[in-house]
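2 protein chains.
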Amino acid sequence: MTTMPGAVSGDRALPLRERKKLRTRRALADTALRLFLDRGFHETTLDELVEEVEVSKRTFFRMFQSKEDVAMAAELELWDAYVAEVAARELHGPVLDFLKQALVAAVTGLGEEWDRSFLATRGLIARTPVLWDRSLLHSVTVQSRLVAELETKLGVDSRQDVRVRLLGELSLAAWRCAVKNWISGRGYDGPSPMEKLGRWKGPGGSKVLIHRVEEAFDAVPDSLTLAAP
Amino acid sequence: MTTMPGAVSGDRALPLRERKKLRTRRALADTALRLFLDRGFHETTLDELVEEVEVSKRTFFRMFQSKEDVAMAAELELWDAYVAEVAARELHGPVLDFLKQALVAAVTGLGEEWDRSFLATRGLIARTPVLWDRSLLHSVTVQSRLVAELETKLGVDSRQDVRVRLLGELSLAAWRCAVKNWISGRGYDGPSPMEKLGRWKGPGGSKVLIHRVEEAFDAVPDSLTLAAP
DNA sequence: TGTAATCTGCCACTGAGGGGCAGTTTAAGT
DNA sequence: ACTTAAACTGCCCCTCAGTGGCAGATTACA
Numbered sequence: 003m004t005t006m007p008g009a010v011s012g013d014r015a016l017p018l019r020e021r022k023k024l025r026t027r028r029a030l031a032d033t034a035l036r037l038f039l040d041r042g043f044h045e046t047t048l049d050e051l052v053e054e055v056e057v058s059k060r061t062f063f064r065m066f067q068s069k070e071d072v073a074m075a076a077e078l079e080l081w082d083a084y085v086a087e088v089a090a091r092e093l094h095g096p097v098l099d100f101l102k103q104a105l106v107a108a109v110t111g112l113g114e115e116w117d118r119s120f121l122a123t124r125g126l127i128a129r130t131p132v133l134w135d136r137s138l139l140h141s142v143t144v145q146s147r148l149v150a151e152l153e154t155k156l157g158v159d160s161r162q163d164v165r166v167r168l169l170g171e172l173s174l175a176a177w178r179c180a181v182k183n184w185i186s187g188r189g190y191d192g193p194s195p196m197e198k199l200g201r202w203k204g205p206g207g208s209k210v211l212i213h214r215v216e217e218a219f220d221a222v223p224d225s226l227t228l229a230a231p
Numbered sequence: 003m004t005t006m007p008g009a010v011s012g013d014r015a016l017p018l019r020e021r022k023k024l025r026t027r028r029a030l031a032d033t034a035l036r037l038f039l040d041r042g043f044h045e046t047t048l049d050e051l052v053e054e055v056e057v058s059k060r061t062f063f064r065m066f067q068s069k070e071d072v073a074m075a076a077e078l079e080l081w082d083a084y085v086a087e088v089a090a091r092e093l094h095g096p097v098l099d100f101l102k103q104a105l106v107a108a109v110t111g112l113g114e115e116w117d118r119s120f121l122a123t124r125g126l127i128a129r130t131p132v133l134w135d136r137s138l139l140h141s142v143t144v145q146s147r148l149v150a151e152l153e154t155k156l157g158v159d160s161r162q163d164v165r166v167r168l169l170g171e172l173s174l175a176a177w178r179c180a181v182k183n184w185i186s187g188r189g190y191d192g193p194s195p196m197e198k199l200g201r202w203k204g205p206g207g208s209k210v211l212i213h214r215v216e217e218a219f220d221a222v223p224d225s226l227t228l229a230a231p
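Sequence lines, in order, name chains A and B. Note that the first sequence covers residues 3 to 231 in the numbering used here. Note that the second sequence covers residues 3 to 231 in the numbering used here.
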């Protein structure tokens, strides 16, 4: 959002070659999402995509690891932000709280533009099993990155201490629950009271998402005690 | 091949067509594992596999959804057994305990022959990233099957109650931790005291695996309280 | 300005996975 | 036992994701 026509919100200090790279990456992600939403994921071939963006297929695969990944660029952004946030913050107090706050901060930090394309992405994922699987996989994979950070911060070895790894898993489990509830589109608490205000049609923005995240994290302790008569 | 040398432990009561199906399925899984361990996953093509088993590639894809799946037949067996176990048992008391016991029962029920091929499978998975991803994905996917069972048993709606879904996730998270520790091959408690007895070389059998599972489940409550100073 | 490193485009190739059709085996009816 | 309907298998052909190689362009650097 500087005044340039095709300017990306990229740090102007970058080696220029990197900026170009980022620009095409951005272009690929955007048009990919547009095409996939329009014609469907399987109905769109990579050749059509790279045709539209005017890049070679070879270049595409230098930017993204797979056809699935380019559809979920927004989600990948989030994971990078999350891990970075965990790495940057200093850790004191309950680790689960720490993980919650870091995730909330990551979502907040990505801004307004992000949550629109993330919502679109989730819509696409919801009706494309292959993407659903990939998304799931990514979320599970972040766990190991998280654990690596936590290990250095806590000074424990995760191979000795199961708890650290479990916390990583828990954090992502909470995230998945949060997103599910977000998409299902209920209002703030309980089934859709807020929708009447017309402020949130559908899932709502990242404000609501953040609320869902906190909700899910806070529900973790309770779930352990859940019992049948 | 009617009076079959390689008779499977198949229920003789099955519709006969099903038995044939099971036999080729079994043959595919076994030789696939053998070939993959021998030459490597990517180095073995499907054409070579179906050549060896003497089936058409078309038939292969009627048995397994992908090349990855045939390598992890043992794991898929476990997940079916787990879900079946959860469905069969009646639920009372703490749900997390219930899930633990059902998983233990599932592993136990699969028997001696299974844990050998499962161990081999895990070895293959460990050195094949693609398979690692798939395995991870399967474990996460089981969660939704689990939750579906729990919902009917508890009579709650998982869309209202986050706790049920979290329990599903927790149970699989514990499983993944358990397997990691099992593979890492330490002895019963702490770093390898039992190995000196020569009773468990490497990870050890399903006895040890079960111990690891219980260990991981029991560590869940503790992990929540984990805190940094 | 020259030069070395890096990136891109193009081309050809492998291999997974699926669709269609014809032939065969099994289950069910009489 | 014989026939009919349904399900299964084999075979050939196709699409398309993803890779490696090489030549040409671009950028960083001296």
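Backbone N, C-alpha and C define an ideal beta-carbon position, used for all residues, glycine too.
Proximity test, Cβ basis, 8 Å: residue i and chain B
{"i": "L30/A", "result": "no"}
{"i": "L148/A", "result": "no"}
{"i": "R165/A", "result": "yes"}
{"i": "R161/A", "result": "yes"}
{"i": "V106/A", "result": "no"}
{"i": "S68/A", "result": "no"}
{"i": "S119/A", "result": "no"}
{"i": "P131/A", "result": "no"}
{"i": "A229/A", "result": "yes"}
{"i": "L156/A", "result": "yes"}
{"i": "L199/A", "result": "Below a pLDDT of 50, predicted positions are generally treated as unreliable, and L199/A, at 44, falls in that range; no measurement from the model is reported."}
{"i": "L168/A", "result": "yes"}
{"i": "T4/A", "result": "The predicted position of T4/A is uncertain, since its pLDDT is 29 and thus under 50; no value can be drawn from it."}
is_contact[residue i, chain A] using C-beta, thresh 8 Å
{"i": "S58/B", "result": "no"}
{"i": "E171/B", "result": "yes"}
{"i": "V181/B", "result": "no"}
{"i": "D135/B", "result": "yes"}
{"i": "V109/B", "result": "no"}
{"i": "A175/B", "result": "yes"}
{"i": "V142/B", "result": "yes"}
{"i": "L139/B", "result": "yes"}
{"i": "D191/B", "result": "Below a pLDDT of 50, predicted positions are generally treated as unreliable, and D191/B, at 49, falls in that range; the measurement from the model is reported next regardless. No, D191/B lies away from the interface with chain A (no Cβ there is under 8 Å from its Cβ)."}
Proximity to residue i [Cα-Cα], best of the options
{"i": "F219/B", "options": "E171/A, V215/A and S58/A", "result": "E171/A"}
{"i": "L121/A", "options": "L138/A, G206/A, L93/A and E79/A", "result": "G206/A"}
{"i": "A108/A", "options": "V210/A, L138/A, E87/A and P131/A", "result": "E87/A"}
{"i": "L112/B", "options": "L211/B, S68/B and S137/B", "result": "L211/B"}
{"i": "V158/A", "options": "D135/B, L35/B and L228/B", "result": "L228/B"}
{"i": "L51/A", "options": "E77/A, A29/A and F100/A", "result": "A29/A"}
{"i": "L24/B", "options": "K182/B, E79/B, A180/B and H94/B", "result": "E79/B"}
{"i": "D82/B", "options": "E217/B, S68/B and T143/B", "result": "T143/B"}
{"i": "L126/A", "options": "E45/A, V97/A and E115/A", "result": "E45/A"}
{"i": "H213/A", "options": "S186/A, P231/A, S160/A and A180/A", "result": "A180/A"}
Beta-carbon separation (whole angstroms), residue i vs residue j, contact threshold 8 Å
{"i": "V164/B", "j": "V149/B", "result": "Actually they are not in contact, since the Cβ atoms of V164/B and V149/B sit about 11 Å apart, beyond 8 Å."}
{"i": "R147/A", "j": "V85/A", "result": "5 Å"}
{"i": "W177/B", "j": "S141/B", "result": "6 Å"}
{"i": "L174/B", "j": "Q145/B", "result": "5 Å"}
{"i": "A89/A", "j": "F38/A", "result": "32 Å between Cβ atoms; not a contact."}
{"i": "L226/A", "j": "V215/B", "result": "About 17 Å; that fails the 8 Å criterion."}
{"i": "L35/B", "j": "S119/B", "result": "7 Å"}
{"i": "D135/A", "j": "L139/B", "result": "6 Å"}
{"i": "L93/B", "j": "L169/B", "result": "12 Å between Cβ atoms; not a contact."}
The ligand SAH heavy atom lying under 7 Å from the CB of residue i
{"i": "S160/B", "result": "Ligands displayed in this structure: none; no statement on the ligand SAH is therefore possible."}
Short of 7 Å Cβ to Cβ, which residues in the stretch 80-104 of chain B face chain A? L93, H94, G95, P96, V97 and L98
Members of the stretch 207-225 of chain A near chain B, C-beta cut-off 8 Å: E217, A218, A221, V222, P223, D224 and S225
What are the residues in the stretch 31-46 of chain B lying within 8 Å of chain A by C-beta distance? none
Report the start-end ranges of each beta strand (DSSP E) in the stretch 129-172 of chain A that is 3 residues or longer and not cut off at the edges. none
For the stretch 13-68 of chain B, list the alpha helix (DSSP H) runs that are entirely contained and at least 4 residues long, ordered along the chain. 19-41, 48-55 and 59-65
Let me know the alpha helix (DSSP H) ranges lying completely inside the stretch 70-122 of chain B, each 4 residues or longer, listed in chain order. 75-90
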